[in-house]
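Quick note, the sequences are listed as chains D and S, same order.
Under our numbering, the residue at position 15 of the first sequence is numbered 15, and the numbers go up by one with no gaps.
Under our numbering, the residue at position 109 of the second sequence is numbered 1109, and the numbers go up by one with no gaps.
All C-beta atoms, glycine included, are put in the ideal place defined by N, C-alpha and C.
Structure, as structure tokens:
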Amino acid sequence: MTDITQLHRALVARVLDSDGTSPAKLRRAAFDNAGLSEPIRTLIGKVAYRAYSVTDEDVAAVRAAGLSEDQIFEIVVCAAIGQANRQYIGALAAVASATGEWDRQ
Amino acid sequence: MRLAILDRGHHLGTKALLAVIRLVSRQPVVDAVKVVFYRPDFYGGGDLTHEAMRGPSSWSIGDRELMAAFVSKVNESQFCIAAHSATSGLWYGDHEKVVATLADVETAPIDEPLRATLRMLGKLTQAHNIDPEDVRSVLAQGVSRQQVEDALAVCLAFNITDRLAEAFDFSVASPAAMNAGARHLLKRGYR
């Protein structure tokens, strides 16, 4: 059996809590896809829900707003992990619920 | 690649490593590798992906690569579809099976437990959530709880990777480079 529990926890902690070039508060907001203002909101919303639709202009707008490439790298990574993380946590809860009921049958 | 730092911003030691990869494979380094090697102390998702894809599991490596390709199809990530279709097809020795699965999971020549599992991963990726009922319908096909969790680990890894591939605009390399990448993934994994 694969066990990604520790690796998963460490990954989330690394992108949210380690020293980055962008403020931890901004990384957290990107991870949560919440509380962002334009143009970051558009870029991060796309990464979370339709990453294939991100354009050069979306990235250029965030760069023009003053973020460095490293900061953009960080918030995109946080947004990608944040959305995948929400899917994963919810799915594990569905598994726990399903197997609990399954075991009682 | 949308960010120049991901092409050219690596530390010197990493630049040397990328040069060695180019020399040995005789192919350009694919964008996925450049991102995994960029500031690994910040992102460094390779270990998680490696464990999900190559750690002990009763799903075969080919099955997990197929799951990765399938999730990438739902996310419309052309780079990841190409990379993991090639890797899965190479492992199975049957590229047609992979093509058929991505075209229509309902009619593809795959076992029912795998089909049910792919359906669940597809829904999770598309709708961002699944219900206990979705899980029960997978278990009813004889898939164990551990297998469900192993498949969800693959799904997590590729819902991250697909987003990075699209946001950073990974280039789909030539078939020769993608096949070299597939051979590398089977030989060495993701770390």
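* Closest Cβ-Cβ distance between S/Arg1136 and chain D: below 9 angstroms? -> Yes, its Cβ sits closer than 9 angstroms to a Cβ of chain D.
* To do: To the nearest angstrom, report how far apart D/Pro23 and S/Ser1144 are at their CA atoms.
  => Near 42 angstroms, if we compare the C-alpha coordinates of S/Ser1144 and D/Pro23.
* To do: For S/Phe1037, go through chain D and note every residue whose CB falls closer than 9 angstroms to its CB, in chain order.
  => Under the 9 angstroms cutoff, chain D gives no residues; its nearest Cβ is about 13 angstroms from S/Phe1037.
* **Interface flag, D/Asn85 vs chain S, CB-CB below 9 angstroms** => With 9 angstroms as the cut-off, D/Asn85 counts as an interface residue toward chain S.
* **Limits of the unbroken alpha helix (DSSP H) element including S/His1050** => Boundaries of the alpha helix (DSSP H) around S/His1050: Gly1046 to Arg1054.
* Proximity winner among S/Leu1006, S/Glu1166, S/Leu1118 and S/Glu1112, relative to S/Gly1142 (alpha-carbon distances) -> Check the Cα spacing between S/Gly1142 and each of S/Leu1006, S/Glu1166, S/Leu1118 and S/Glu1112: the tightest is with S/Glu1112.
* Asked: Smallest Cα separation from S/Val1135: which of S/Met1120, S/Lys1034 and S/Asp1041?
  -> Residue S/Met1120 is the option with its Cα nearest to S/Val1135.
* Asked: Is there a Cβ from chain D that is less than 9 angstroms from the Cβ of S/Glu1065?
  -> Closer than 9 angstroms: no.
* To do: Would you please state the rounded distance, in angstroms, between the beta carbons of D/Val47 and S/Ala1004? I believe it to be under 8 angstroms.
  => Contact doesn't hold; Cβ gap of about 19 angstroms is too wide.
* Integer-rounded CB distance, given that S/Gly1189 should sit under 8 angstroms from S/His1050 -> So it is a contact: roughly 5 angstroms between Cβ atoms.
* To do: Would you mind reading off the limits of the alpha helix (DSSP H) that contains S/Arg1026?
  => For S/Arg1026, no alpha helix (DSSP H) encloses it, and the DSSP letter there is neither H nor E.
* Under 9 angstroms, do S/Val1196 and S/Ala1068 count as touching if we go by C-beta distance? -> Coverage of chain S is limited to positions 1001 through 1191, which leaves residue 1196 of chain S absent and any answer about it impossible.
* **Neighbour flag for S/Pro1028 against chain C, beta carbons, 9 angstroms** => Among the protein chains of the structure shown, namely D and S, there is no chain C.
* **Meets three-Cβ-pair contact criterion under 8 angstroms: the stretch 37-57 of chain D and the stretch 5-12 of chain D** => The stretch 37-57 of chain D makes no contact with the stretch 5-12 of chain D: fewer than 3 CB pairs, one atom from each, lie closer than 8 angstroms.
* Contacting residues, own chain, Cβ-Cβ under 7 angstroms from S/Leu1124 (five flanking each side not counted) -> Exclusion of the five residues before and after S/Leu1124 leaves Ile1130 and Cys1155 as the residues of its chain whose Cβ lies within less than 7 angstroms of its Cβ.
* Asked: For D/Ser97, which of helix, strand or coil comes out of DSSP?
  -> Helix.
* If the cut is a Cβ gap below 7 angstroms, which residues of chain D does S/Ser1047 touch? -> The question names Ser, but residue 1047 of chain S is Asp in the sequence shown. In chain order: Leu7.
* Asked: Any beta-carbon of chain D closer than 9 angstroms to the one on S/Ser1171?
  -> For S/Ser1171, the answer is no, since every Cβ of chain D falls outside 9 angstroms of its Cβ.
* **Neighbour-count burial assignment, D/Glu74, 16 or more Cβ in a 10 Å radius** => So D/Glu74 ends up on the buried side.
* To do: Check S/Asn1129 in the structure and name its three-state DSSP category.
  => Residue state, collapsed to three classes: coil.
* To do: Starting from the C-beta of S/Tyr1092, find all residues in its chain whose C-beta is less than 6 angstroms away, skip the five residues before and the five after it, and write them out in chain order.
  => Within the same chain, and ignoring the five residues on either side of S/Tyr1092 in sequence, the residues whose Cβ sits closer than 6 angstroms to its Cβ are Gly1062.
* **Helix, strand or coil at S/Phe1168 [DSSP, three-state]** => DSSP places S/Phe1168 in the coil class of the three-state scheme, outside both helix and strand.
* Beta-carbon separation of D/Val59 and S/Leu1164 under 9 angstroms? -> It is not a contact, given that the beta carbons lie outside the stated cut-off.
* State the DSSP-derived secondary structure class of S/Ile1061, mapped to helix, strand or coil. => Residue state, collapsed to three classes: helix.
* Could one say the Cβ of S/Leu1186 lies closer than 9 angstroms to chain D's Cβ atoms, at least one of them? -> It does not; no Cβ of chain D falls within 9 angstroms.
* Start-end ranges of the alpha helix (DSSP H) lying completely within the stretch 1088-1162 of chain S, minimum 4 residues -> Here the runs fully enclosed are 1095-1103, 1112-1127 and 1132-1139.
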